[in-house]
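Below is one structure; the comments refer to it alone.
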Amino acid sequence: MIIDKNNKKSIRSAFGNALSEIGEINPKVVVMDADLSCSTQTQIFAKKFPERFFDSGIAEQDMIATAAGLAAAGKIPFVSSFAMFVTGRTYDQIRNSVCYPEFNVKIVGTHGGITVGEDGASHQALEDISLMRNIPHMTVIVPADSKECEEVVKYAALHDGPMYIRIARSNVPEIFGDDYHFNIHKALLMEEGTDVSIFTNGETLAEVLGAAEILKQEGISAEVIHVPVVKPIDIETIIKSVKKTNFAVTVENHSVIGGLGSAVCEVLCGYYPAKVYRIGIHDEFGQSGEAGELLEYYGLTSDTIAKRIKSRLKD
Numbered sequence: 066m067i068i069d070k071n072n073k074k075s076i077r078s079a080f081g082n083a084l085s086e087i088g089e090i091n092p093k094v095v096v097m098d099a100d101l102s103c104s105t106q107t108q109i110f111a112k113k114f115p116e117r118f119f120d121s122g123i124a125e126q127d128m129i130a131t132a133a134g135l136a137a138a139g140k141i142p143f144v145s146s147f148a149m150f151v152t153g154r155t156y157d158q159i160r161n162s163v164c165y166p167e168f169n170v171k172i173v174g175t176h177g178g179i180t181v182g183e184d185g186a187s188h189q190a191l192e193d194i195s196l197m198r199n200i201p202h203m204t205v206i207v208p209a210d211s212k213e214c215e216e217v218v219k220y221a222a223l224h225d226g227p228m229y230i231r232i233a234r235s236n237v238p239e240i241f242g243d244d245y246h247f248n249i250h251k252a253l254l255m256e257e258g259t260d261v262s263i264f265t266n267g268e269t270l271a272e273v274l275g276a277a278e279i280l281k282q283e284g285i286s287a288e289v290i291h292v293p294v295v296k297p298i299d300i301e302t303i304i305k306s307v308k309k310t311n312f313a314v315t316v317e318n319h320s321v322i323g324g325l326g327s328a329v330c331e332v333l334c335g336y337y338p339a340k341v342y343r344i345g346i347h348d349e350f351g352q353s354g355e356a357g358e359l360l361e362y363y364g365l366t367s368d369t370i371a372k373r374i375k376s377r378l379k380d
C-alpha cells in the first residue's frame, strides 16, 4: 500500500469533531480538559456544548477524580490532556478511582511520543501506553489516522468501561477510507508478506507502509499488521503472521519497554516463541527538535525502518 504523505489531516481535530458529533446524539457525554482545550481540540465540543464542558485547569488529578464521580452518576466523561500529563500525573487516580471500580471514563492522551517536537522530553510521553496497559480493566487504543480516530471515539462512547486513547500531535496521512469500521477484537492486515511480520500502530503505520514498499523493491516481502488495540491485543492475528514469517518486528513511537513491542513479545513468548526486533525509543528520554528530525534521529522514518529490518534479516 502506497500512502500519500503529503495528504495529511489533524488527528486532534478529528477527535474534537467526533466528540461534537456524539455529543449531539448522546446527552450523557461530557468533556473535561486541563487547560489545554485549544491544543487537544476539545474546544470544538466546548463551543457547541458549553454546559457539558468542564475545564479543570492545571489540576489533572482533580479532573480524573471528578470524571470518576460523573461516571458514577451515569455520565460518560471524556477527559483529555497531553498524554504525558493525563497518564503520568494521574496514575493513582486512574488506577484507584477509575479502573478499580470499573467506571466508564474515557481518557484521551494527545501529543503522544517524540513528535510533540520542540516541547522536549518533559512533554513527550514515551511511557503512557506501558502505564495504561498495566492497569486491570483498562482498554488501550492507538489510532493511526483521522478516520480511525473518529471511529474509535464513537466506539468508546457506546461501550462501557475505562479506556485510554492515544493520539499524536502531528498531522497524519490519510490511510483508511470512509468504509473503515473499527473492530476492538482485530488487528488489520495491511500488506501480506512472507519474510518478516511488522507490527505497528498510530502515526508510525504510515512510515511502516513506506518501509514495506522500500523492502519490496529490494526483494524482501514484508507483512504489515496494524495493531490499534494494544489491550486487549489480537493474539490470533499475531501468531498466524509470525508462524508464516518466523520473524517479528515491532515499530512504535513509544518506549520499547512496556508498549506494543512488549505486548507482542508477551504473546509470542506464551504461544509461539520467535525472534523479535523492537524499533522504538530505547530506554531514554526524548529531546527538543522538529517532529520529522526526531523521527529520523530515533530511526522511525520509512528509510531508517527499512534499513534496520534489512540489516536484521542478514543476521
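Numbering-wise (my numbering), the sequence shown opens with residue 66 and increments by one. Just so it is clear, CB atoms sit at the ideal spot from N, CA and C, and this is done for glycine as well.
Under the 10 Å beta carbon count, L223 is surrounded by fewer than 16 other beta carbons and is classified as exposed. Bridge partners of N236 according to DSSP: S75.
For F150, the uninterrupted alpha helix (DSSP H) run begins and ends at 148-153, by DSSP. Burial is judged here by how many other beta carbons sit within 10 angstroms of a residue's own beta carbon; I206 has at least 16 and is buried. A direct Cα-to-Cα measurement between I200 and C330 gives close to 18 Å.
Residues T366 of the same chain have their beta carbon placed closer than 6 Å to that of L360, with the five preceding and five following residues left out of the count. When the Cα atoms are used, G324 and G182 turn out to be separated by approximately 20 Å.
If you compare the alpha carbons of P92, R160, Y156, D368 with that of K281, the shortest gap goes to D368. When C-beta atoms of the region 115-123 are compared with those of the region 171-180, fewer than three pairs fall below 8 Å, so the two segments do not count as touching. According to the DSSP assignment, R117 belongs to no beta strand (DSSP E), since it is labelled neither H nor E.
Under the three-state reduction of DSSP output, T265 falls in the strand class. Annotation for G134: the continuous alpha helix (DSSP H) segment containing it runs 125-137. Secondary structure of A190 (DSSP, three-state): strand. In the structure shown, L280 falls within a helical segment according to DSSP collapsed to helix, strand and coil.
When DSSP states are grouped into helix, strand and coil, I374 belongs to the helix group.
For K379, there is no enclosing beta strand (DSSP E), since its DSSP letter is neither H nor E.
K212 is classed as buried because its beta carbon has at least 16 other beta carbons within 10 Å across all chains shown. Secondary structure note for V95: its beta strand (DSSP E) is the uninterrupted segment 94-98. Non-local beta-carbon contacts of M255 in its own chain, meaning distances under 7 Å to residues more than five positions away in sequence, involve M66, L274, V289, I290, H291 in chain order.
Here S187 is exposed: its Cβ has fewer than 16 other Cβ atoms, across all protein chains shown, within 10 Å. In this structure, A190 and M128 do not form a Cβ contact; the two beta carbons are roughly 17 Å apart against a cut-off of 8 Å. A Cβ-Cβ distance of about 5 Å is found for the pair Q106 and S78, placing them in contact under the 8 Å criterion. With a 10 Å radius around the Cβ and a threshold of 16 neighbouring Cβ atoms, T180 comes out buried.
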